[in-house]
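J.:
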Amino acid sequence: MMFSGLTESILPPANSDNRYFNRELSWLAFNERVLALAEDVSLPLAERLRFVSISADNLHEFFMVRIAGLRQLQQRGIHRVPVDDTELDTLLSLLHQRSSALLAKQNRLLASLIAAFQAEDILILDNVPTDGEDMEWLEAHFVSNILPLLTPTTLDPAHPFPFFHNQGKGMLFELADSNKKLVHGVILLPENLGRFVKLPGDQLRFVLVEAVIKAFIGKIYTKHVLKSSSVFSIIRDSEIEIDDEANDLINEFETALRARKRGNVVLLTLTSDASASTLNLLCQAMAIEKDRCFGADGPVSLNNFAELISYMPKHLLYPTFNPRFPQRIRDFDGDCFAAIRNKDIVVHHPYESFEVVVRFLQQAARDPDVLAIRQTLYRTTPNSPIVRALIEAAESGKSVTAVIELKARFDEKNNILLARDLERAGVHIAYGLTDLKIHAKMSAVVRRESGRLVTYTHLGTGNYHPITAKVYTDLSYFTCDKEVGRDVYEVFKYLTSHVHPEKLKKSFISPHQSMPRLSSLIDAEIAAVGEGKPSGIWIKCNAIVDRNIIDKLYEASCAGVRIEIIARGICCLRPGIDGLSENITVRSIVGRYLEHGRIYAFANGGKFGSPKNMVFMSSADLMPRNLLRRVETFVQLENPTVRKQVINQILTATLRDEKNSWFLKSDGSYRHPATGPDSFSAHDYFIANPSLSGAGSLAKETK
């Protein structure tokens, strides 16, 4: 399977000084790969529906953040994109074309999936059934459970168009009143209403809630005749601006969050049955040009179709998989500290349970020998077991510090509430650095052992979020190494006191150290080629955007260094160009789980898999924001078992993957090789095989 990842008119020729793919178009190419999974007939039917929903959700965020940002540049009179000097109007036009094509494809795929569900005797209806019993039940359900939540508005000078929040959905009706005068009625679909009504009976049958409202509109607009109706949804600009000099950061964020609710509308989607007058009315009400609207040949807001997944029978879902709890910790009777003392552990989520991270902090909270806990929080759940453990520790008299990032996009409100809960329990709260986002994932537990203090450290590539940990592939590193513990202490001190760490032993951080350190590691591989030593660079991350790093990788390729890159999402590097990047291979892994772990490995004079290899895991991608505008950690993995696990197991299996791999070509297109039932899947391998460092007494079972 092949499709173009970029539009040819914006690609530079091979001999051009512009050696980078456009970031926004590369992001859309990633979402095309996600949507391609919905086309894959080898996948379970309900999972294909899930990928349509994920693709829709991704595209919404793209408009909220990336398109909104480009529109802001346009409003400021900026005519070229600062990063790559692309003409802004041209880029926005291309993005609109590609986004419209994606939206249309989502609707086409949804229609085909609905037909496939019907073959499974599962009905997803966009009109109410006409059967008398069904109509009777629906009418009662509408009156009892839907109507009380609706606030209809008839538009006139005294009743202006109601406000619709970001991702809000509504219905617009053209009605003739008792005097045959044409009027417009608007109904906001409340978030808590749900998108579907499940019909009674043994057969799985669902009807869209907007279809139910339309069927019983006469109970709302009595003495009116319905002429036409349409459903619409909006996406608003969701960027927020914060004054770094504000005296009260919490208050500043709360004010900004209120303002964000009224961000400019950047996308209006409406059902294709909307009349010209409906389109004009909506465009005027939302202050948006018609060329930024999309007519959906089907329902709007397809991300809501994920609501149906929980009802689906098992044979339409991926086989159930229960994440393993690391056997090495079981071998020590569940004592995390004893297991870590014995040897470093890397836990590979979601194949291994995130519960081990929760247990680590719960044990710390309840252990009388634990004196202090330090924790970063970027994203977590509102009722997080991590937060509960920190509260328990503080209430038992331990010294607990939590560094909470208020600037975590779309989690700002949740993090404000968590900060208040923690502070009430006696946790010392810090909000990090006003000019930098704290993206590092760190826990440090200080424990008294035999008259001395020992620091147990957890460093992760993913958030302390028990829900996303079930679907994101991430790494958790546990160690009581003195130098790692000291490094992490210095980073926490930086976050709470602004004292920058200068001499870290086994790690380095953004923004001050990562760029020069990564450059020096690449330089060492270039030098190895000249010295006749083995060389190589292996990178697994989510995105490669930073031009300084890309140029350094080009330099290494030209010197003869072989470079293997696994970049799930955006990749601005052009591989396979003679005299520039012929030694670079880029692939994207897109499958059952969302690839999220970051690994940076360097040959260091040894072949791939050699004990000489230098291996780092990180919270950072290769993007300017990660390297220059965030606090991120890169920690070196020195324990032989852990290093072997990351190189010989995780990277090796990922590089072998056939089933989920897409290869980036020099023209910007992605190629998915032909696969069969026996094609190797890294995800399936990790499900079947315990990790090397966590296997404990099960180590002999790991292939």
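Quick note on this note's numbering: the sequence shown kicks off at 6 and runs consecutively. Where a beta carbon is used, it is the ideal one built from N, C-alpha and C, also for glycine.
Strictly by DSSP, which residues pair up with R635?
T.: K442
J.: Kindly indicate which residue of V647, S401, A41, L458 has the alpha-carbon position closest to the one of G431.
T.: S401
J.: Runs of 3 residues minimum, wholly inside the region 526-614: which ones carry the beta strand (DSSP E) assignment?
T.: 542-546, 568-572, 589-594, 603-607
J.: Would you report the Cα separation of N653 and G614, rounded to the nearest angstrom?
T.: 6 Å
J.: Candidates L209, M628, E92: which alpha carbon is nearest A124's?
T.: L209
J.: What span of residues does the beta strand (DSSP E) with K271 cover, start to end?
T.: A quick correction: the sequence has Val, not Lys, at residue 271. First-last of the beta strand (DSSP E) with V271: 270-276.
J.: Taking only runs of the alpha helix (DSSP H) that begin and end inside the region 191-246, which ones reach a length of at least 4 residues, in chain order?
T.: 214-220
J.: Does the beta-carbon distance from L313 to F211 come in below 8 Å?
T.: yes
J.: Taking only the alpha-carbon atoms, compute the straight-line gap between S31 and V86 and give it to the nearest angstrom.
T.: 15 Å
J.: Short check: CB of F337 to CB of L108, under 8 Å?
T.: With respect to the 8 Å criterion, F337 and L108 are not classified as neighbours on the basis of their beta carbons.
J.: Name the two residues that bound the continuous beta strand (DSSP E) containing D479.
T.: If you look at D479, you'll find it in the beta strand (DSSP E) that goes 477-484.
J.: Label V214 either buried or exposed according to how many other C-beta atoms from any shown protein chain fall within 10 Å of its C-beta, with 16 as the threshold for buried.
T.: When all chains shown are included, V214 counts as buried.
J.: Are the Cβ atoms of F607 and M622 separated by less than 8 Å?
T.: no
J.: Which partner residues does D161 have in the DSSP bridge list?
T.: H164
J.: From C576 to F26, what does the alpha carbon distance come to, in whole angstroms?
T.: 7 Å
J.: In its own chain, which residues sit with a C-beta less than 7 Å from the C-beta of F221, not counting the 5 before and 5 after it?
T.: E144, F147
J.: Using C-beta distances below 8 Å, list every residue in its chain close to V305, excluding the 5 sequence neighbours before and after it, in chain order.
T.: K174, V236, F237, S238, T274, L275, T276
J.: Where does the unbroken alpha helix (DSSP H) through H170 begin, and where does it stop?
T.: Where H170 is concerned, there is no enclosing alpha helix (DSSP H), given that its DSSP letter is neither H nor E.
J.: At the level of alpha carbons, what is the spacing between L423 and H229?
T.: 49 Å
J.: Take the Cβ of H320 as the centre, count every other Cβ of all protein chains shown within 10 Å, and call the residue buried at 16 or more, exposed below.
T.: Flag for H320 reads exposed.
J.: What residues are listed by DSSP as bridge partners for V620?
T.: A606
J.: Between V595, V496, T478, which lies nearest to D662 when the distance is taken from Cα to Cα?
T.: V595
J.: Tell whether a beta-carbon distance below 8 Å holds between D349 and A216.
T.: With respect to the 8 Å criterion, D349 and A216 are not classified as neighbours on the basis of their beta carbons.
J.: Please look up how many angstroms separate the CB atoms of F513 and F639, rounded, as I've assumed it's under 8 Å.
T.: Confirmed, Cβ separation roughly 5 Å.
J.: Kindly list the residues whose CB is nearer than 6 Å to the CB of D626, restricted to its own chain and excluding five residues on each side of it in sequence; keep chain order.
T.: C546, N547, A548
J.: Let me know the secondary structure DSSP gives A398 once reduced to three states.
T.: helix
J.: Taking Cβ positions only, does T283 come closer than 8 Å to chain B?
T.: Of the protein chains in this structure there is only one, and it is not chain B.
J.: In terms of alpha-carbon separation, which member of L284, M140, I409, K487 lies closest to R346?
T.: K487
J.: Hey, is L422 close to the ligand FMN, as in C-beta under 7 Å from one of its heavy atoms?
T.: Inclusion of the ligand FMN in the displayed structure is not the case, the ligand content being empty and no account of it being possible.
J.: In the DSSP assignment, find the beta strand (DSSP E) that holds Y461 and state where it starts and stops.
T.: 457-465
J.: Can you name the start and end residues of the alpha helix (DSSP H) that Q332 belongs to?
T.: 332-336
J.: By DSSP's criteria, V133 is part of a beta bridge. Which residues make up the other side?
T.: Note: V133 sits in no beta bridge, so no partner.
J.: Only counting the same chain, and skipping five residues up and downstream in sequence, which positions put a Cβ closer than 7 Å to that of L287?
T.: L177, F237, L273, L275
J.: In the DSSP assignment, what residue or residues form a beta bridge with C288?
T.: For C288, which the question treats as bridged, DSSP gives no partner whatsoever.
J.: Could you tell me whether the region 380-393 touches the region 409-417, where touching means 3 or more Cβ pairs closer than 8 Å?
T.: yes
J.: On the DSSP letters alone, give me the boundaries of the beta strand (DSSP E) that T406 sits inside.
T.: 404-409
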